[in-house]
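**Student:**
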Amino acid sequence: MSVPVLLVDDEPLIRTGLRAVIDAEPDLEVVGEAGDGAEVLPLVRQLRPRVVLMDVRMPTVDGIRATTTVLDGVAEPPAVIVITTFEHDDHVYDALRAGATGFLLKRSRPEEIVQAVRIAAQGESLLFPAAIRRLAVRRAAPRRAAPDLTERESEVLRLMAKGRTNAEIGGELFIGVQTVKTHVGNVLAKLGARDRTQAVVFAYESGFVDASR
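In UniProt numbering, the protein residues as written are 1 to 213.
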């Protein structure tokens, strides 16, 4: 079965381009389009996409508000990937804080777009640690109290912030992948984070990981 994808962008030309790229893949399918964030929640409820490609800047309801509405408005929300023109767009950081899985630049190559959709559909986060760190520094995000993590959970979070996969974390800490998954789950629960991306954002905002380095 193909992965259903919803496109949300106020520029018809962008939606047309994204549709052409996604529909060219046998395992992906665009099931709907929206030109503003206000249209997203009803379409998500109706079409049940697994992934939403969401423009971060729209005239009526932007991608940040739309992301929050979708993630809070359905029992099993889709993964949201925000798309933006500029990597250093402050709106991207707000969208990641709101629960977006990751972001794509509108100039991304077709293969990068397709890969991102597939990764998000599998429940994985699109981590770009360097970009998140730069955004955190630019925003000078307010410090937040760090949670009571164990020493091992702290090590895992620091490696997550570096963009390490579960397998890579296991290799560096000499523990099994399943054990890593358990620690990651505990970290997310203690942070109240939806996914790894939110956990990494929290790590920088709390000062747990120094964003200036």
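We put the CB at the ideal spot given by N, CA and C, even for glycine.
Within 10 angstroms of the Cβ of E205, are there 16 or more other Cβ atoms? Answer buried if so, exposed if not.
**Tutor:** Buried, since its Cβ has 16 or more Cβ neighbours within 10 Å.
**Student:** The beta strand (DSSP E) that contains D210, what's its start and end?
**Tutor:** Taken as a continuous stretch (DSSP letters only), D210 belongs to no beta strand (DSSP E), as it is neither H nor E.
**Student:** What does the Cβ neighbour count give for R45, buried or exposed, with the cut at 16 atoms within 10 Å?
**Tutor:** Exposed is the call here.
**Student:** Here's the rule: buried if 16 or more other CB atoms are within 10 angstroms of the residue's CB, otherwise exposed. What is A34?
**Tutor:** A34 is buried by the Cβ-count criterion.
**Student:** Run through DSSP, which three-state label would E11 get?
**Tutor:** Of the three classes helix, strand and coil, the one that applies to E11 here is coil, per DSSP.
**Student:** Have a look at G63 and E112 and give me their C-alpha separation to the nearest angstrom.
**Tutor:** Going by the C-alpha atoms only, they are around 21 angstroms apart.
**Student:** Between which two residues does the beta strand (DSSP E) carrying M54 extend?
**Tutor:** Looking at the DSSP string, the run of the beta strand (DSSP E) that includes M54 is V51 to D55.
**Student:** Taking a contact to mean a Cβ-Cβ separation below 8 angstroms, would you say G5 touches P77 in this structure?
**Tutor:** Inspection of the sequence shows that residue 5 is occupied by Val rather than by Gly. No, the pair does not count as a contact, with Cβ atoms beyond the cut-off.
**Student:** Tell me the rounded alpha-carbon separation between E11 and L159.
**Tutor:** Their backbone Cα atoms lie some 38 angstroms apart in a straight line.
**Student:** Assign A189 to one of two classes, buried (16 or more other C-beta atoms within 10 Å of its C-beta) or exposed (fewer than that).
**Tutor:** So A189 ends up on the exposed side.
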